[in-house]
Amino acid sequence: MATTAGSCLPDSAARPSTWPVGSCAIHQPNLLPRLSTLAKLCTADVWVVLDDVQFVRRDYQHRARLAALDDPRRQQWLSVETHLPHGRATLIRDARPVDPRRSARRLGQLPAQHYHASPHWQLLHASLEPAVRSLAEGVGTAAVAEATTRALLNLLGWRGTIVRSSDLAASSDRSVRLADLTTAVGADTYLCGTGGLRYLDHRPFAERQLNVHAFRPPSAAENLWTGAARITALWALAAYGPSRVGAAFDDLRTA
Numbered sequence: 453m454a455t456t457a458g459s460c461l462p463d464s465a466a467r468p469s470t471w472p473v474g475s476c477a478i479h480q481p482n483l484l485p486r487l488s489t490l491a492k493l494c495t496a497d498v499w500v501v502l503d504d505v506q507f508v509r510r511d512y513q514h515r516a517r518l519a520a521l522d523d524p525r526r527q528q529w530l531s532v533e534t535h536l537p538h539g540r541a542t543l544i545r546d547a548r549p550v551d552p553r554r555s556a557r558r559l560g561q562l563p564a565q566h567y568h569a570s571p572h573w574q575l576l577h578a579s580l581e582p583a584v585r586s587l588a589e590g591v592g593t594a595a596v597a598e599a600t601t602r603a604l605l606n607l608l609g610w611r612g613t614i615v616r617s618s619d620l621a622a623s624s625d626r627s628v629r630l631a632d633l634t635t636a637v638g639a640d641t642y643l644c645g646t647g648g649l650r651y652l653d654h655r656p657f658a659e660r661q662l663n664v665h666a667f668r669p670p671s672a673a674e675n676l677w678t679g680a681a682r683i684t685a686l687w688a689l690a691a692y693g694p695s696r697v698g699a700a701f702d703d704l705r706t707a
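Yeah, the sequence shown ends on 707 if you go by the numbering used here, and it's all consecutive.
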């Protein structure tokens, strides 16, 4: 498995079998993830990148909402135009950028246009530059999305482990699959977002003596969590800085 430099620990192949694992988050790779998604991943000990399910064009796998630094209500989509070699049946890991160099220019330029006035922009820019380069070199859409998420996790000093679901054995049934993946990484707790809770069957987790923890980030109108479920976490990082965002995530872990 490939690894990425930074604070994140190597992928599962390099993780000692005795490494203590409490919780895992299982989430598709998202381009410049939303703050609510990033918070869930940062709270977990392991992020299982769900890369072997069907690609969805209208989801966040290849696009992100950029919000204006001074007014997060003003938003613009940033997308990596993506080709699906197997049509609608294409798995996330098999999706490919249509024009990698053009998409890389947009990934480099649009966030800069939105956040260059932030005192934290140079740090954010440096963190994202490897992901921009990898896109220009033609890696898959999922790899680019994962790279942008890794960059932000590293920026926040996350010390967890990243594995990919395609490297693990799991059922095709939705809830059983999630329980299988939680077991496969040695975790005893599955962090589930509020949306997923509506559809989750708890029985496979109970059968495996696994905990299901509902992850609910704070909701607020005029602070760091503004638009947390809609806009990229870059807005909060640019507006408040990595230290403030990291402290907010620490509060979630200890809540």
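We put the CB at the ideal spot given by N, CA and C, even for glycine.
Only counting runs of 4 or more residues, tell me where the alpha helix (DSSP H) segments fall wholly within the stretch 614-691, in order along the chain.
Listed in chain order, the alpha helix (DSSP H) elements of length 4 or more contained wholly in the stretch 614-691 are 626-636, 646-649 and 655-659.
Say whether the stretch 652-661 touches the stretch 484-491, bearing in mind that this needs 3 or more beta-carbon pairs closer than 8 Å, one atom from each stretch.
Under the three-pair Cβ rule at 8 Å, the stretch 652-661 does not count as touching the stretch 484-491.
Pull up the distance between the alpha-carbon of H514 and that of R554, whole angstroms please.
14 Å
Can you give me the Cβ contacts of P481 inside the same chain, cut-off strictly under 6 Å, excluding the 5 residues immediately before and after it?
V501, A594, A597 and E598
To the nearest angstrom, report how far apart L521 and A583 are at their CA atoms.
22 Å
Specify, as a first and last residue, the run of the alpha helix (DSSP H) that L493 falls within.
L487 to T495
Inter-residue spacing [alpha-carbon to alpha-carbon] between L483 and A516:
6 Å
Applying the criterion that 16 or more other CB atoms from any shown protein chain within 10 Å of the CB defines a buried residue, is R510 buried or exposed?
exposed
For W573, I'd like the list of residues in its chain whose CB is within less than 8 Å of its CB, leaving aside the five on either flank, ordered along the chain.
Around W573: A564, Y567 and A690.
Which residue comes first and which comes last in the beta strand (DSSP E) that contains R713?
Residue 713 cannot be examined here, being either before or after the span of the chain that is shown, 453 to 707.
With distances taken between CB atoms, is the gap from A615 to V637 smaller than 8 Å?
The amino acid occupying residue 615 in the given sequence is Val; Ala does not appear at that position. It is a contact, given that the beta carbons lie within the stated cut-off.
Taking DSSP as the reference, what is the three-state secondary structure of H566?
helix
Same chain, Cβ closer than 7 Å to L620, neighbours up to 5 away in sequence not counted:
L633 and A636
According to DSSP, which residues form a beta bridge with R548?
Listed as beta-bridge partners of R548 by DSSP are H535.
Inter-residue Cα distance where the pair is H535 and T495
33 Å
Is it right to say H479 is buried, meaning 16 or more other beta carbons lie within 10 angstroms of its own, or is it exposed?
buried
Which residue marks the beginning of the alpha helix (DSSP H) containing H577, and which one marks its end?
W573 to A588
Option nearest Y642 by Cα separation, candidates V628, L662, R629 and S624:
L662
Please classify L543: does DSSP put it in a helix, a strand, or coil?
strand
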